Amino acid sequence: MRSRVRVWLNRTYAENVFFMDQLRRNPSDRAVEIHATHGDADSPVLAAADTADLEPEGLSPAGYVEYALDQCQRRGIDVFVPRLHQSAIVAHRADFEAVGTALLAPTPEGTAVFEDKATAYEAVSSVGVPVPPWSRVRTADELVEAVEKLEADGHKACFKPATGAGGVGFRVITRAPFSLFHLNGFPGPHVQLDLVVDALRRAEQPVNWLVMPRLEEPEVSVDCLTGPDNRIRLAMGRTKKGRRRGFTLDERWLEPARIIAEGFGLHYLSNIQFRMFGDEPVLLDVNTRPAGGLHQLSLCGVNAPWAAVQLALGEDPGVIEPPFLGQDYAVVSGPKPVLPSVPVAREEADVVLAPPLPVEVESVEAAAAVLPL
Numbered sequence: 094m095r096s097r098v099r100v101w102l103n104r105t106y107a108e109n110v111f112f113m114d115q116l117r118r119n120p121s122d123r124a125v126e127i128h129a130t131h132g133d134a135d136s137p138v139l140a141a142a143d144t145a146d147l148e149p150e151g152l153s154p155a156g157y158v159e160y161a162l163d164q165c166q167r168r169g170i171d172v173f174v175p176r177l178h179q180s181a182i183v184a185h186r187a188d189f190e191a192v193g194t195a196l197l198a199p200t201p202e203g204t205a206v207f208e209d210k211a212t213a214y215e216a217v218s219s220v221g222v223p224v225p226p227w228s229r230v231r232t233a234d235e236l237v238e239a240v241e242k243l244e245a246d247g248h249k250a251c252f253k254p255a256t257g258a259g260g261v262g263f264r265v266i267t268r269a270p271f272s273l274f275h276l277n278g279f280p281g282p283h284v285q286l287d288l289v290v291d292a293l294r295r296a297e298q299p300v301n302w303l304v305m306p307r308l309e310e311p312e313v314s315v316d317c318l319t320g321p322d323n324r325i326r327l328a329m330g331r332t333k334k335g336r337r338r339g340f341t342l343d344e345r346w347l348e349p350a351r352i353i354a355e356g357f358g359l360h361y362l363s364n365i366q367f368r369m370f371g372d373e374p375v376l377l378d379v380n381t382r383p384a385g386g387l388h389q390l391s392l393c394g395v396n397a398p399w400a401a402v403q404l405a406l407g408e409d410p411g412v413i414e415p416p417f418l419g420q421d422y423a424v425v426s427g428p429k430p431v432l433p434s435v436p437v438a439r440e441e442a443d444v445v446l447a448p449p450l451p452v453e454v455e456s457v458e459a460a461a462a463v464l465p466l
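What follows is the structure, given as structure tokens:
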């Protein structure tokens, strides 16, 4: 009988409860135990794990590496999937290997390139992957200049932080004056240029933003699985247009994703996003981690999390071809249990979690409600 595999996910997204489900339902019928850590006691990933810890707050990247090494050694972790402090952790891959833990994460060089979106755009354009026009701005004057240049070419300008993930800080520039129209309905991403300029002029330090044209749908997220030999095992696109989601194997999206994943050392799971600039697909963003929506590939008969764990353990799954492309679908929210809302003392003793009572729920995104074609 093959021994169980112990996997650790550190401070990750709520959607990764589905990542954990897929590991347990792996086609190899291998026993998997999951350890999870988070800074939020109400994270659903803690309730979904077999064992869990609250993470200490205020650790430096170096301090977090020491904490992570201790977790791996004490808990017998076979595969560690780091999100928080990924760059610092992958720089110590040999130290984790020394305690028997494989890192399911890219090379240090790969994470470094994509920590900054401007650096990433420069790097991928140098290998022939199309990128949108962009400018790095730090001051109000630079912002106005970049916006006016885009508007002169007939584009709608937007900006986002040069570092960050998940669309945090993304805004679309508008010239329309602030009015009651902007107070109707739910808040949106549009912001008045004069308000942004005023805020920048009053700021005590420069910003680090990327200004670029608002790109058009569809958005295509290509989930890649790449081996430590820099060869792709899986590349599949998930399309997004409004509420509708679907899948694609169109090489317009897959080929540039392969170039990036294989060329920049994005080992194991990465997510590479594209949108349309005119008639051309261009790079939107690169995530050097599993996407929150990775589990949606299960609608095509693919278990990407387990294939990645196999690769990390040295068990090459080979090239993975989806047996079919799933029907278009919508993403809806659903309840997931969290731990009881009472103070829990978590010190050196293991915290083993029995199936939790659904005393509190957090809404997480689930691939449900399939739309008709």
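For the sequence shown, the residue numbers in this note's numbering are 94 to 466.
All C-beta atoms, glycine included, are put in the ideal place defined by N, C-alpha and C.
Only a predicted model underlies this, so the values are computations on that prediction, with no experimental measurement involved.
The Cβ atoms of V220 and T212 lie no closer than 8 Å to each other. Fully enclosed alpha helix (DSSP H) runs of no fewer than 4 residues occupy 186–191, 201–206, 210–218 and 233–245 of the segment 180–251, in order along the chain. Assigned with DSSP and collapsed to three states, S136 falls in coil, not helix or strand. Among the bridge pairs identified by DSSP, S363 is matched with C317.
The way I'd put it, the segment 231–250 doesn't touch the segment 391–407; fewer than three beta-carbon pairs between them come closer than 8 Å.
Selection D163, E344 and L139 evaluated against H128 yields L139 as nearest (Cα-Cα). Taking each of K210, G339 and K249 in turn and checking the Cα distance to G371, the smallest one comes out for K249. Residue environment for V172: buried (at least 16 other C-beta atoms within 10 angstroms of its C-beta). Between the alpha carbons of H283 and A292 lies a gap of roughly 15 Å. For E126, the uninterrupted beta strand (DSSP E) run begins and ends at V125 to H131, by DSSP. Under DSSP, H283 forms a beta bridge with V265. When only Cα atoms are considered, P430 and V183 end up about 32 Å apart. Inter-segment contact for the segment 308–327 and the segment 362–376 is present: three or more beta-carbon pairs are separated by less than 8 Å.
If you draw a straight line from the Cα of S96 to the Cα of G169, it is about 12 Å long. In the same chain as Q115, and ignoring 5 residues on each side of it, the C-beta atoms closer than 8 Å to its own belong to H388, S391, N396, A397, P398 and W399, in chain order.
The C-beta distance from G203 to T381 rounds to 6 Å, short enough to fall under 8 Å. Around V402, the same chain offers V172 as residues with beta carbons nearer than 6 Å, after the five sequence neighbours per side are excluded.
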